[in-house]
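In our numbering, the protein residues as written are 30 to 497.
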Amino acid sequence: MSLEALKALLGPQGYIDEPRDMAPYLTEWRDRWHGDTPLVARPADTTQVAEVLAHCDRHGLKVVPQGGHTGLCGGAMPHAGAGEIVLSLGRMTRVRAVDPEGYAMTLEAGCTLAQAQATAREADRLFPLSLASEGSAQVGGVLSTNAGGNAVLRYGNARDLVLGLEVVLADGRVWDGLRSLRKDNTGYDLKQLFVGSEGTLGVITAAVLKLFPALKQQETALTAVPDPAAAVRLLTLAKEASGDRVTSFELMPRRGMEFVVRHMEGCRDPLAEPSPWYVLIDLGTAATGDDLAEAMQALLETALERGLITDAALAQSVAQRRDLWRLRESLSESQKYEGGSIKHDVSVPIARIPEFIRRANAVVEHRLPGIRPVPFGHMGDGNIHYNLDQPREMDRQALLDRWDEISLLVHDIVIGLGGSVSAEHGVGQLKVDEIARYKSGVEMELMSRLKRCLDPKGTLNPGKVVKP
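Below is the structure:
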């Protein structure tokens, strides 16, 4: 009866209950998790979100908030057989306000990241958060997972780009924190409780996001580097030589480049000779008078003289820049064609990235001979996606069955180096047991207390981030 009442609240356009139509909401992108649900709720506005949550909280129904469904840790997946309602924010796509002078815009949670970027461009502003999945990833989900992306080095994570939030609490009450103030020192910064909480403390329905001056000049180069240690020194040089105008600094291994060129249509290696490692460098400035091309050229020449790079391809057009970035952004997809892959989203202090890669490779190659490490990612902020592709002679499922065993080896090294086992993908259900291993008892107690305080009945996203 409570489901029928929920349908009446939402109206005929506000829910899906046919199994075939619900299927896209119930399979994770990497195909690791499959769930089921009696209903996908698709509210049209904040009022309907509040009504849904109040109803579910009152009747003991559990709710799993879902954005663009591009997460990689199972955080937006309902558990099989648990009767959890999926709450999709995909219909809430309104741009509520754009304030170019105040460098802010207010968007609803269902707006895609690409839509957010386009809205900023129309106002001659920049919203810098950029992900390979930005055409599907939604603002609410991006904030709920504190996504990072390619420009964290310059602009920060998702939580650094939020000025205010509108949040529906588990019992249906609405907190209106949609303020664009840069300074507000009146107590606890409540919005930061919900950023990165993966929908376990409340449902983000709208956000005030920071904008920046639009970039007037951009320079992009793919460089060949001998090893990760040289890449670390190259990052320091890039910051100094460019006047700290580095917007992205992405590390790629030769194996990853081979995967992309082999499997992704239209991708080619832009350098004459293979290199063991590559770094993709982006420089950007909002100034029109600066000669950024000259700064990039000087950077590459100095790096070559110092032996930090052995070759470079410098983009001469927007199309060439897009092609270079496609090599980096296709790394994850290309690995699907190589079979199974054990994936890690970790961060360590930048100076210790070479040590991490060296030690992790040695451990996993000893434990699983023939394993093919593909470490890549946002080296400029210490975030490495340490992926392990299956040995050629090994069965895919046989590799995936050893995920927990191998991840424990890798994560122990990460923690030993002062790092984190989740840099930007979140916890979800993938790492809910692991963080209990690595976080202190005090940290886990504080997190559990917050969950009980804001969601005493356990209505929101059960079993994710913090277990009951």
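Glycine included, each C-beta is placed from N, C-alpha and C at the ideal position.
Identify which residue in Gln42, Pro41, Gly185 has its Cα closest to the Cα of Ala452.
-> Gly185
Specify the secondary structure class of Ser436 as computed by DSSP and reduced to three states.
-> Three-state DSSP puts Ser436 in a helix.
CA-to-CA distance, Glu294 to Gln419, given in whole angstroms | 23 angstroms
So the alpha helix (DSSP H) Leu328 belongs to, where does it begin and stop?
-> 321-334
Could you please give the first and the last residue of the uninterrupted alpha helix (DSSP H) stretch that includes Arg387?
-> Run containing Arg387: 382-396, per the alpha helix (DSSP H) assignment.
In or out: Thr252 buried (at least 16 other Cβ within 10 Å) or exposed?
-> buried
Continuous beta strand (DSSP E) stretch holding Gln95: start and end | Secondary structure note for Gln95: its beta strand (DSSP E) is the uninterrupted segment 92-95.
Relative to the C-alpha of Ile371, which residue among Asp60, Arg49, Ser165 is closest?
-> Minimum Cα distance to Ile371 is reached at Asp60.
When the Cα of His23 is compared with those of Arg351, Glu362, Phe405, which residue comes out closest?
-> This structure leaves residue 23 out entirely; the chain is present only between 30 and 497.
Nearest-angstrom Cα separation, counted from Thr234 out to Thr314 | 32 angstroms
Whose CA, out of Leu238, Val232, Gly170, lies closest to the CA of Gly193?
-> Leu238
By the 10 Å Cβ neighbour count, where 16 or more other Cβ atoms means buried, how is Val377 classified, buried or exposed?
-> Classification of Val377: buried, given that the 10 Å Cβ count is 16 or more.
Under the three-state reduction of DSSP, which class applies to Phe156: helix, strand or coil?
-> Reduced to three states, the DSSP call for Phe156 is coil.
State the Cα-Cα distance for the pair Lys468 and His414, rounded to the nearest angstrom.
-> 21 angstroms
Which partner residues does Leu238 have in the DSSP bridge list?
-> In DSSP, Leu238 forms a bridge with Met134, Val191.
Limits of the beta strand (DSSP E) - the one that Thr148 falls within = Looking at the DSSP string, Thr148 is not in any beta strand (DSSP E); the run it does join, the alpha helix (DSSP H), is 142-151.
Going by DSSP, which residues form a beta bridge with Trp58?
-> Paired residues: none, contrary to the question.
Would you call the region 332-351 and the region 275-292 touching, i.e. three or more CB-CB distances under 8 angstroms?
-> The region 332-351 is not in contact with the region 275-292.
Could you tell me the distance, in whole angstroms, from the CA atom of Ile444 to the CA atom of Ser162?
-> Ser162 has its alpha-carbon roughly 28 angstroms from the corresponding atom of Ile444.
Own chain partners of Ser449 with C-beta closer than 6 angstroms, once the 5 adjacent residues on each side are dropped | Ser376
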